[in-house]
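Numbering (UniProt numbering), first residue to last: 1 to 187. Yeah, the Cβ is synthetic: ideal placement off N, Cα and C, and Gly gets one too.
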């Protein structure tokens with residue numbers, strides 16, 4: 001465990017907790033976290049995760065914009081739910097992206113776990129996009145992805161990051177409960 005990993009993990013806890021509370025400051029704090037984790041994942045040859053952090057950086061800016069821009073209501077974006085076809089389409093994009101990235105990582109790099117890492121990356125991007133759009137379905141997808149990430153990080157000896165993703169799982173369960181109860185979802 002490095003000081004960099006420790007600091008990134010602390011920022012991650014704050015960022016995800018603020019996300020559950022629908023506080024837009026989750027995005028700039030999350031931006032700092034993902035930039036730090038880029039280096040952490042590079043060091044352990046989890047290249048798909050490293051690239052994921054770079055994409056997350058752009059999505060952090062997108063999420064901040066989505067959550068703070070004014071719409072009909074001056075409170076920013078409200079929590080909404082995706083329909084079945086949109087969920088299936090998004091998951092298909094995650095699957096195709098996972099396969100393409102996994103093949104590239106397996107063929108052209110010395111990635112430690114090219115297929116698993118790429119799969120987690122593909123579906124993390126779907127979850128992140130849903131979260132930026134305040135779609136309630138982001139939370140169950142985060143729960144599934146985070147649980148698998150815990151195992152991957154334990155395997156790679158990133159014990160603090162594994163613990164962080166375990167905590168992310170618990171926070172995601174709370175996020176799912178809170179966002180489902182949000183008034184925007186009530187008829």
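In the DSSP assignment, find the alpha helix (DSSP H) that holds residue i and state where it starts and stops.
| i | result |
| --- | --- |
| residue 174 | 159-180 |
| residue 40 | 26-43 |
According to DSSP, is residue i part of a helix, a strand, or is it coil?
| i | result |
| --- | --- |
| residue 68 | helix |
| residue 61 | helix |
| residue 2 | coil |
| residue 110 | coil |
| residue 74 | Because the pLDDT of residue 74 is 43, which lies under 50, any placement of that residue in the model is unreliable, and the number read from its coordinates should be weighed accordingly. In the structure shown, residue 74 sits in coil (DSSP, three-state: anything other than H, G, I, E or B). |
| residue 46 | coil |
| residue 128 | helix |
| residue 53 | helix |
Closest by CA to residue i, which one among the options?
| i | options | result |
| --- | --- | --- |
| residue 174 | 80, 156 and 143 | 143 |
| residue 37 | 164, 119, 170 and 91 | 164 |
| residue 102 | 177, 136, 46 and 63 | 46 |
| residue 118 | 139, 168 and 95 | 95 |
| residue 176 | 130, 154 and 162 | 130 |
| residue 181 | 97, 92, 80 and 54 | 80 |
| residue 146 | 134, 133 and 169 | 169 |
| residue 59 | 133, 83 and 85 | 133 |
| residue 139 | 150, 127 and 148 | 127 |
My assumption, with CB atoms under 8 Å, is that residue i sits in contact with residue j. Please give the rounded CB distance.
| i | j | result |
| --- | --- | --- |
| residue 50 | residue 56 | In fact, because the Cβ distance is near 11 Å, the residues do not count as touching under 8 Å. |
| residue 171 | residue 16 | 5 Å |
| residue 188 | residue 40 | As shown, the chain starts at 1 and ends at 187. That puts residue 188 outside it, with no answer to give. |
| residue 97 | residue 125 | 7 Å |
| residue 136 | residue 179 | 5 Å |
| residue 44 | residue 158 | 6 Å |
From the DSSP output, read off the bridge partner residues of residue i.
| i | result |
| --- | --- |
| residue 80 | 135 |
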